[in-house]
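Notes for the one structure printed next.
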Amino acid sequence: MATFLDFEKPIEELYHQIEEAKALNEKSPVDISDAVKVLEKKIVDARKQIYANLTPWQRVQVSRHPDRPYSLAYINYITEGTFQELHGDRNVRDDKAIVGGFGKVDGQTVMFIGHQKGINLKMRQYRNFGMANPEGYRKALRLMKLAEKFNKPIVTLIDTPGAYPGLEAEERGQGEAIARNIYEMMKLRVPVICIILGEGASGGALGIGVGDRVLMLENTWYSVISPESCSSILFRSWEKKEIAATALKLTPTDMMKNKLIDGIIKEPLGGAHNDPEAAHQAVKDELIHQLGQLKKLKPDQLVSQRIAKFCAMGVFNDPEAKPVKSASASKQKPAAKKVSSAKAKPAAKAATSKSTAKAKPAAKKAKKK
11 MATFLDFEKP IEELYHQIEE AKALNEKSPV DISDAVKVLE KKIVDARKQI
61 YANLTPWQRV QVSRHPDRPY SLAYINYITE GTFQELHGDR NVRDDKAIVG
111 GFGKVDGQTV MFIGHQKGIN LKMRQYRNFG MANPEGYRKA LRLMKLAEKF
161 NKPIVTLIDT PGAYPGLEAE ERGQGEAIAR NIYEMMKLRV PVICIILGEG
211 ASGGALGIGV GDRVLMLENT WYSVISPESC SSILFRSWEK KEIAATALKL
261 TPTDMMKNKL IDGIIKEPLG GAHNDPEAAH QAVKDELIHQ LGQLKKLKPD
311 QLVSQRIAKF CAMGVFNDPE AKPVKSASAS KQKPAAKKVS SAKAKPAAKA
361 ATSKSTAKAK PAAKKAKKK
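If you number the sequence shown the way the working numbering does, the last residue is 379 and the count never jumps.
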């Protein structure tokens, strides 16, 4: 049975009407196919109207839809069954929240790395709800280095509510693992493409989110904090999460305006969960296009352009702005005037001549004695 979000009530009512009509059709010989077609058209029209005017918070809800496809679904579709998963960070254990391995895309071998949430309660617990531990990020880095060694492009698929915030994760170096990944990904000498499939929360997303191309699906979000957490900090309540979502500028459109991502991948009408195969194909087409573009660049160009892109983020230049002197600078005493070398030389000569004049009589007295 389809799952509907709170703002999809008109669509849900139409679905119920279709189900009731089909149930009546089984008991009655009357043909109601025309009536069903009319209702289906109304559903399409309702979807168009609703999804054309989604608020930032509603996009967050769509990104968390339980039927939304996750990383492994995309990987298996894109690689057409050639995906070979690799496990372990070679230090502690294998983190199931992050999956990775080689697969073929349009005849080319690619390293895939992504968050995996799980499709039911047991799988979500097994995958830790897509929240990676330090071992997951170290596994991801190991696989990236492996891809670099064999000169294979890297594709990361991001969908996480954040890195796991548990005490044990912090003890094993959660912050260091994410920071190390960011540092190392900047220097990878192979093409790196990052695609946000659902949630892109905080350092958990950024730990595998540094690339030559950063793309977002249409109904996703990318932010330093979730709207609920932001609301709880600022307003001491989760009730104002809608206001927080708008203020955070976390939608793909906002990210494009701020030049933080490189493109938006269109989703099928009603979101990726409404037509997973169409969503898979859209991601595959964009991935093949971007790989073709990045293959033309040399390794040194990839690294320099990647570093320049991320260093330019957050920089703002206003041509009309004038420099303002700080209060501390204005209170400082004026610096002592420097004596020019031309004036200093005669003074130095005078001092030396006086000292030699005084020294001569003293030397004569010493000889007489």
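Just so you know, even glycine gets a beta-carbon here, dropped at the ideal spot from N, CA and C.
What is the DSSP secondary structure of residue i, reduced to helix, strand or coil?
{"i": "Asp169", "result": "strand"}
{"i": "Lys269", "result": "coil"}
{"i": "Leu227", "result": "strand"}
{"i": "Gly113", "result": "strand"}
{"i": "Ser38", "result": "coil"}
{"i": "Ala238", "result": "Reading the sequence as shown, one finds Glu at residue 238 and not Ala. Helix, per DSSP."}
{"i": "Ile88", "result": "helix"}
{"i": "Glu22", "result": "helix"}
{"i": "Gly217", "result": "coil"}
{"i": "Val70", "result": "helix"}
{"i": "Glu330", "result": "coil"}
{"i": "Leu64", "result": "coil"}
{"i": "Gly302", "result": "helix"}
{"i": "Ser314", "result": "helix"}
Using a Cβ-Cβ cut-off of 6 Å (strictly less than) and excluding sequence neighbours within five positions of residue i, which residues of its own chain qualify?
{"i": "Tyr87", "result": "His290"}
{"i": "Gln94", "result": "Gly111, Phe112"}
{"i": "Gly183", "result": "Pro144"}
Identify, in the order they occur along the chain, each residue of the same chain with its Cβ nearer than 8 Å to the Cβ of residue i, setting aside the five sequence neighbours on each side.
{"i": "Ile192", "result": "Leu216, Gly217, Val220"}
{"i": "Ala83", "result": "Pro286, His290"}
{"i": "Leu225", "result": "Ile203, Cys204, Ile205, Ile206, Ile271, Asp272, Gly273, Ile274, Ile275, Glu296, Gln300"}
{"i": "Ile123", "result": "Ile108, Val109, Gly110, Ala150, Leu153, Met154, Ile164, Val165, Thr166, Leu167, Ile218"}
What separation, rounded to the nearest whole angstrom, lies between the Cα atoms of residue i and residue j?
{"i": "Ser241", "j": "Gly213", "result": "19 Å"}
{"i": "Gly110", "j": "Leu131", "result": "22 Å"}
{"i": "Lys129", "j": "Asn327", "result": "Checking the sequence shown, residue 129 turns out to be Ile, not Lys. Approximately 46 Å, taken between the alpha carbons."}
{"i": "Ser236", "j": "Ile243", "result": "11 Å"}
{"i": "Tyr147", "j": "Met196", "result": "15 Å"}
{"i": "Phe160", "j": "Val120", "result": "10 Å"}
{"i": "Gln101", "j": "Tyr25", "result": "Position check: residue 101 holds Asn in this sequence, whereas Gln was assumed. Distance between the alpha carbons of Asn101 and Tyr25: 51 Å."}
{"i": "Thr89", "j": "Thr230", "result": "23 Å"}
{"i": "Val293", "j": "Glu228", "result": "11 Å"}
{"i": "Ser73", "j": "Glu22", "result": "19 Å"}
{"i": "Lys180", "j": "Pro79", "result": "The question names Lys, but residue 180 in the sequence shown is Glu. Those two C-alpha atoms are separated by around 30 Å."}
{"i": "Lys19", "j": "Ala157", "result": "46 Å"}
{"i": "Phe17", "j": "Arg199", "result": "45 Å"}
{"i": "Ala12", "j": "Lys114", "result": "33 Å"}
{"i": "Ile253", "j": "Asp264", "result": "15 Å"}
{"i": "Glu277", "j": "Val48", "result": "24 Å"}
In its own chain, which residues sit with a C-beta less than 7 Å from the C-beta of residue i, not counting the 5 before and 5 after it?
{"i": "Gly140", "result": "Ala107, His125, Gln126, Lys127, Asp169, Thr170, Pro171"}
{"i": "Val313", "result": "Lys197, Arg199"}
Where does residue i land, buried or exposed, given buried means 16+ other C-beta within 10 angstroms?
{"i": "Ile317", "result": "exposed"}
{"i": "Met323", "result": "exposed"}
{"i": "His75", "result": "buried"}
{"i": "Tyr232", "result": "buried"}
{"i": "Arg137", "result": "buried"}
Check your understanding: Counting only runs that start and end within the region 122-201, where is the beta strand (DSSP E) found for 3 or more residues in a row?
Key -> 164-170
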